[in-house]
Structures are given as structure tokens and as C-alpha cells.
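Colleague: My numbering puts the first residue of the sequence shown at 1, with every later residue one more than the last.
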Amino acid sequence: SINYNMPSLTIKDLIRYARICIIHLITALRSSSLELKENIVIIAPHPDDEVLACSGLIEQCLSSKKNVSVIILTQGERTHSECCSEKETIINRSRLTINALEILHLPIQNLYRLKFPDGGVSAQCEETKELYRLLNVIKPDTIFIPHPFDRWSDHVEAGNLIKEFYQEETGILIYEYCVWFWYWFHNTPRLKWKNSFILKMGEDERKLKCRAIDAYVTPLAKCGRPWSGQLPSVLIHACKWDKELFFRIK
């Protein structure tokens, strides 16, 4: 439900909430159930994207004994660049990742953290070699990347890195997941709904996802802001839905 008494709610926020409701309705009418294979990799540009977009996916895959790996590209070090030290930010965001993924029961050995610069993910980064080396080791048959409508450069470039790496591969499923997709305005009717898929969560699974999200977004730095940054309430609301939306591109 929507809390219309939230102090920072703006007209644009109300429009965003309405748009989310429309997307939920279209999703229910047009989306198919998610298809998965056995070895899944989730690519997260920043520590929290994997939980915001894919908690239910992680839970259900692990419950059905599938292998799930999470690769986080950056350390989120720029979140508090004006107020807290970079080292302190990295340490605390790393701790949040461990806490959140423990809630979802992801084995710690299936978490990989790279050191792309926060705000500077690109094919020119030296860490790209390590990303591709990891993918060659893990050999996923299903991979999840951010949707280009997330719009943040790290999200778009993370997707581009994977699409470039797998451009000639056959037999690998590639899905795009939604984080900032829920916040930014875009031409919703023109989305490729024929390629949309949903993962439905039971109430217990949804509650577990909400706990994992809260493990990221509620702990505060000494400056008074969340370590993961001040995410818009409308985005958090959308990500706590009882379904997860994906678009297959391959």
C-alpha cells in the first residue's frame, strides 16, 4: 500500500506511484513465468542492486538447489564522498552486503566483489579482465544484468560489458532486471512486453526480501544518511513488490 503522508512526497512521486501500478497491471496481463537453468549469475553494479532486484530470484533458485553467484562490480565508495572517508564507506557497505545476502542464505563463497570505480564502470577498466575471467570460471547458463532504463551509467555499462562478452554465445539466457527502472520516467507501453517475465513470491519470501532490503537501506553512517545512500521511497516501495520483473534479451 502507498503511504500518502510521507513528508517528501511530490507530484512527480505520485505520478511515479501511479506508473508503477500501471506496470504491475501490464506485467500481470502480459508477462510469462520466468525460465531458469541451473547455474545463475547476477551482475550488480553496486552493492544493493542484487537484493533490490533479485532477492526472490536468489531465494527460489537456492531452494530448488540451483547454483547462484553474485558479482558486485564496484564497492559503492562514492556514496558518502562529501562526508565520510572512502575506506569507511567501503568497509560498511561490504558489511551490509554480507548481512543482506546471509538473510537470503546465499553461500559466502558465491559472492564475488570487484573493484571497478564507482561511477566509472566501463570496458576500459582493468577490472573488466577479472570480470571476464570469473565468468569463464563460473560458466553460467543464465545471467542477470541491469535494464538499460535504469539509466545510471554504471548500470548501463554493466549490461553492455555482459552483452559484449556473450554476443556470440548460444544457449545462454540473459535477462535484464529492474532497479532505477521503477523511478525514472520512460515510455512504458513501448517496452518489449513479449519478452517480459515475472517471478512470483509467496508472502514469506516477500518478507525475507524486505528484510534483506532493509539490511541495506536502514543502517546509518555517522553523518546520518544510510550507508547505501538515500534511495527514493518510491523505488524501495517498488522493489518490495511480491513479484520481480525481468526482460529476456537472449
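Where a beta carbon is used, it is the ideal one built from N, C-alpha and C, also for glycine.
1) Measuring only the C-alpha atoms, how far is residue 42 from residue 95?
2) Applying the criterion that 16 or more other CB atoms from any shown protein chain within 10 Å of the CB defines a buried residue, is residue 239 buried or exposed?
3) What does a CB cutoff of less than 6 Å around residue 237 pick up in its chain, not counting 5 residues either side in sequence?
4) Could you tell me which of 35, 23, 118 sits nearest to residue 197, measuring between CA atoms?
5) Do residue 116 and residue 176 have their beta-carbon atoms positioned less than 8 Å apart in this structure?
6) Identify which residue in 146, 158, 143, 223 has its Cα closest to the Cα of residue 114.
7) Give the secondary structure of residue 117 by DSSP, where H, G and I count as helix, E and B as strand, and everything else as coil.
8) Strictly by DSSP, which residues pair up with residue 247?
9) Tell me the DSSP secondary structure of residue 89 in three-state form.
10) Tell me the rounded alpha-carbon separation between residue 242 and residue 32.
11) What are the partner residues of residue 39, as DSSP defines its beta bridges?
12) Quick check: what's the CA-CA separation for residue 87 versus residue 49?
13) Per DSSP, which one or two residues make a beta bridge with residue 232?
14) What residue from 22, 37, 164 has the CA that sits closest to residue 186's CA?
15) If I'm right that residue 56 touches residue 201 with Cβ under 8 Å, what's the distance once you round it to whole angstroms?
16) Would you kindly check if the distance between the Cβ of residue 47 and the Cβ of residue 72 is under 8 Å?
17) Run the CB neighbour count on residue 223, radius 10 Å, all protein chains shown included, and call it buried at 16 or more, exposed below.
18) Classify residue 244 as buried or exposed, calling it buried when 16 or more other Cβ atoms lie within 10 Å of its own Cβ.
19) When you compare only the Cα positions, how much space is there between residue 167 and residue 161?
20) Return helix, strand or coil for residue 44, following the three-state DSSP convention.
21) Does DSSP classify residue 112 as helix, strand or coil?
22) Going by the beta-carbon positions, is the gap between residue 174 and residue 141 smaller than 8 Å?
23) In this structure, does DSSP put residue 4 in helix, strand or coil?
Modeller: Let me lay it out:
1) 19 Å
2) buried
3) none
4) 35
5) no
6) 158
7) coil
8) 176, 196
9) helix
10) 15 Å
11) 67
12) 21 Å
13) Note: residue 232 sits in no beta bridge, so no partner.
14) 22
15) 4 Å
16) yes
17) exposed
18) buried
19) 10 Å
20) strand
21) strand
22) no
23) Below a pLDDT of 50, predicted positions are generally treated as unreliable, and residue 4, at 39, falls in that range; no measurement from the model is reported.
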